[in-house]
Amino acid sequence: MPKTLNIAVIGAGTMAQAVHLPVLRRRWDRFAVTALVDHSERRRRESAEVWGIAEEKRYATVGELVDAIRSRAITVDAALLSTDGLHVDDLLQLLRRGVPVLVEPPLGYSAAEIAKIADFERMTGRNLVMMAYPQQYDDSVGRIAEQIAVKDVRMIEHRVLMPASQPLFGGAHVTTSAYDLPAEQRSERRNALQEAVVAGSGESATQRDRDLYVKGLLTGVAHQLSVIESVYGPLTELTAVRHWPKGVIPGSIELLGELEGGAHVHLVWHYLPFAPEYSETLQILSARKRLDLELFAPSHGDRRSTLHLREKKSGVVTEVATVAGLGSAESMWEAFHAFVEKGEAPISGPASAQQQVALLRKVLAAIVEADGRDIDAVVEKEEPEADAPVAAEEGTGIEVVAPAAAASTVTEPAEPTEATEPAEPPAPAEPVVLPSEPAPLAGEPTEVLPDLSSEAEPSTRTDGIVDAWSVEGVPSEGEPVEGEPVGDDVAASSSSEDPALPHESTGPIRSSWPPAAAGSAEGPASDAAEPSTGEGSAPDAGR
48 MPKTLNIAVI GAGTMAQAVH LPVLRRRWDR FAVTALVDHS ERRRRESAEV
98 WGIAEEKRYA TVGELVDAIR SRAITVDAAL LSTDGLHVDD LLQLLRRGVP
148 VLVEPPLGYS AAEIAKIADF ERMTGRNLVM MAYPQQYDDS VGRIAEQIAV
198 KDVRMIEHRV LMPASQPLFG GAHVTTSAYD LPAEQRSERR NALQEAVVAG
248 SGESATQRDR DLYVKGLLTG VAHQLSVIES VYGPLTELTA VRHWPKGVIP
298 GSIELLGELE GGAHVHLVWH YLPFAPEYSE TLQILSARKR LDLELFAPSH
348 GDRRSTLHLR EKKSGVVTEV ATVAGLGSAE SMWEAFHAFV EKGEAPISGP
398 ASAQQQVALL RKVLAAIVEA DGRDIDAVVE KEEPEADAPV AAEEGTGIEV
448 VAPAAAASTV TEPAEPTEAT EPAEPPAPAE PVVLPSEPAP LAGEPTEVLP
498 DLSSEAEPST RTDGIVDAWS VEGVPSEGEP VEGEPVGDDV AASSSSEDPA
548 LPHESTGPIR SSWPPAAAGS AEGPASDAAE PSTGEGSAPD AGR
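Using this note's numbering, the first residue of the sequence shown is number 48, and each one after it goes up by one.
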């Protein structure tokens, strides 16, 4: 009989409660949750009560868990790391104890950050890290290569429609709690997160670029790439990249690339928060076969993927449909059990994660280049003027420098005299926009990703390209813009006389994009309207 593994769950957030813990409870014959780690005391208590974890087996940090393992106060065979993306330090503590870990992506925000984990694995000679991409282990995905070999592939189409969190997690009954961490701890973790994202995206990236990198690429397109990679290997060439609508983050992202054998791959990822449901389809074409696969979100554990194969033999077209025996999340945990017990290699580990983040960084650079900017440009830091107002959110350590208009000292109205009329006071300066509440830390119920969408970005550009996260472009009459309030119960946001223009939509790396695809970028005005992607509405981590 297979061994029952003792699992430590690190991070009791949305993905843990909606995807992983239900599988662990269902498969009590294979797994037992013996420890829970979360920074939030209230979240730790609420989740532990729901999932039946004793008080003495709850920990605030990974360091406390490792101390308990070292002193043999608790037995842990493997761990789930499902926090906010700052994985490296926590992961290294576990790996030094020889604990295999299932890690929610992204493993890191830069190739250099992930290299620390990849180098440690190479040094020990053991596979200790498995990336939590459930659909890589879906039964239907595993049968694709058996039906159409890579040498026969003509074209791969992979499309994902990502809604807001409600269609994904509404039925999971995720516990909610106040964000109860001390301000100092919150600030320290937020600053570390910001530094990691800046290191990955580059110092020349604007805050919008970083939001797109995190929300759209690392947690959206990365999931699609992982599915293709599990079947036919990674993309070896990028042909074209587009991002649209103008000024909408994360919006829609489209990639065209090639596999090693020359087969073309077309990936489309849409974030449409008002969409009624999650949708993911994969179509693979060869000379004689057409394969269509419908995948479901891992949070919908009881839904099974369906594989349709149409084939022409001797002039007769036949169709065969097969349904997966397990949900993708349960199949992944089965594979993790074999990874821990038998040492079977994972489909994705640190090496593939490092390769993937390097590719996505190229995608981001191509999108930024289409805006007429260079993401790798050297940033010259200028000393602020002595009288320029500088604002900072308390405890964040992130300074927000006022625009030039706001930095200038407001002239006092001239004193009226008997001979002259009173001077008219000047127009008020542009207000300094402070960052809103930062991304929640590990365990926040409505976030899987760090939400950096509201961090203000000091602008050092003087070439006429304006970047202001808090100010959207001028919409046409009746057209809402993402980031503005939507609904009758919210007051309309104010506009300035000279608002910042939104980002231009991206053109291809090479001018070889199909005309039909190019035409889709300029849709009707209603298609460009998306609500703010603030807390509670960020796209889920690649699901």
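Where is the CB? At the ideal position from N, CA and C, for every residue including glycine.
Bridge partners - residue i, DSSP secondary structure assignment
i	result
Ser326	Leu208
Tyr301	Here the sequence assigns Glu to residue 301, which means Tyr is not the residue at that position. Looking at the DSSP assignment, Glu301 forms a beta bridge with Arg289, Val315.
Asp63	Note on identity: in this sequence residue 63 is Ala, with Asp being the wrong assignment. Ala63 is not bridged to any residue.
Ser117	The sequence shown places Arg at residue 117, rather than the Ser named in the question. Answer by DSSP bridge pairing: none, since Arg117 is not bridged.
Ile54	Val80, Ala125
Ile296	DSSP, once it has assigned bridges, lists no residue as partnering Ile296.
Lys336	Glu358
Ile331	Ile203, Leu338
Arg105	Leu83
Glu284	Glu305
Member of the options whose CA lies at the smallest distance from the CA of residue i
i	options	result
Ile394	Tyr279, Ser129, Arg143, Arg119	Tyr279
His311	Gln194, Ile203, Val415, Ala376	Ile203
Ala417	Thr283, Val288, Pro345, Gly110	Val288
Ile296	Gly267, Asp339, Thr283	Gly267
Gly218	Val66, Tyr260, Ser94	Val66
Glu96	Thr222, His290, Gln232	Thr222
Ser333	Gly309, Val245, Gln64, Pro281	Gly309
Lys336	Thr51, Ile195, Tyr184	Ile195
Ala230	Ser87, Gly390, Ala120, Gly247	Ser87
Val367	Glu358, Ala162, Gly298	Glu358
Ile603	Gln271, Ala115, Ala371	This structure does not reach residue 603, given that the chain is present from 48 up to 590, and the question cannot be answered.
Ile164	Gly396, Arg77, Ala412, Val425	Gly396
Pro323	Leu240, Phe216, Ala252	Phe216
Pro181	Ser248, Ser277, Thr130	Ser277
Arg89	Asn53, Asp227, Tyr184	Asp227
Ser94	Leu139, Ala59, Gly247	Ala59
Leu71	Ala101, Leu319, Ala126, Glu103	Ala126
His290	Ile275, Val315, Ser273	Val315
Pro210	Phe167, Ser326, Gln401, His134	Ser326
Ala84	Leu52, Thr130, Arg77, Asp124	In the sequence as displayed, the identity of residue 84 is Val instead of Ala. Selected option, being the one with the closest Cα: Thr130.
Leu407	Val425, Ala192, Arg233, Leu285	Leu285
Ala424	Ser273, Ser248, His317	Ser248
Residue i, buried or exposed, once every other Cβ within 10 Å from all chains shown has been counted against 16
i	result
Lys198	exposed
Gly348	buried
Thr283	exposed
Phe386	buried
Trp75	exposed
Val146	buried
Thr467	The pLDDT assigned to Thr467 is 41, lower than 50, so where the model puts this residue is not dependable; a value taken from the coordinates is nonetheless given after this. Exposed: under 16 other Cβ atoms inside 10 Å.
Gln213	exposed
Arg117	exposed
Thr122	exposed
Asp321	According to the sequence shown, residue 321 is Phe rather than Asp. Label assigned to Phe321: exposed.
Lys389	exposed
Val56	buried
Lys50	exposed
Ala120	exposed
Arg144	exposed
Lys293	buried
His220	exposed
Gln241	buried
Ala376	buried
Ala344	buried
Gly419	exposed
Pro153	buried
Ile401	Strictly speaking, residue 401 in this sequence is Gln, with Ile absent from that position. Label assigned to Gln401: buried.
Ala63	buried
Inset, instruction - Pair every Cβ in the segment 156–171 with every Cβ in the segment 351–363, then say whether three or more of these pairs are closer than 8 Å. - result: Because the criterion of three Cβ pairs below 8 Å is not met, the segment 156–171 and the segment 351–363 do not touch.
Legend entry - Whole runs of the beta strand (DSSP E) within the segment 133–221, excluding any shorter than 3 residues: The DSSP assignment places 148–150, 176–178, 202–209 as complete runs of the beta strand (DSSP E) inside the segment 133–221, in order along the chain (cut-off: 3 residues).
Inset, instruction - Would you be able to state if there are at least three C-beta pairs under 8 Å between the segment 374–389 and the segment 254–269? - result: By the C-beta criterion, the segment 254–269 is judged not to be in contact with the segment 374–389, since fewer than 3 inter-stretch pairs fall below 8 Å.
Inset, instruction - Determine, using beta-carbon pairs with one atom in the segment 183–195 and one in the segment 346–358, whether at least three such pairs fall under 8 Å. - result: Counting Cβ pairs under 8 Å, three or more are found: they touch.
Legend entry - Runs of alpha helix (DSSP H) lying entirely within the segment 339–417, each at least 4 residues, in chain order: The segment 339–417 contains these whole alpha helix (DSSP H) runs: 375–389, 397–417.
Legend entry - the segment 338–345 in contact with the segment 102–120 per 3-pair CB rule at 8 Å: Contact between the segment 338–345 and the segment 102–120 is absent: fewer than 3 CB-CB pairs across the two stretches fall below 8 Å.
Legend entry - Meets three-Cβ-pair contact criterion under 8 Å: the segment 291–307 and the segment 176–184: With the rule of 3 Cβ pairs closer than 8 Å, the segment 291–307 does not count as touching the segment 176–184.
Legend entry - Complete alpha helix (DSSP H) runs within the segment 227–256 (minimum length 4 residues, chain order): As for any alpha helix (DSSP H) of minimum length 4 sitting wholly inside the segment 227–256, the runs are 230–248, ordered along the chain.
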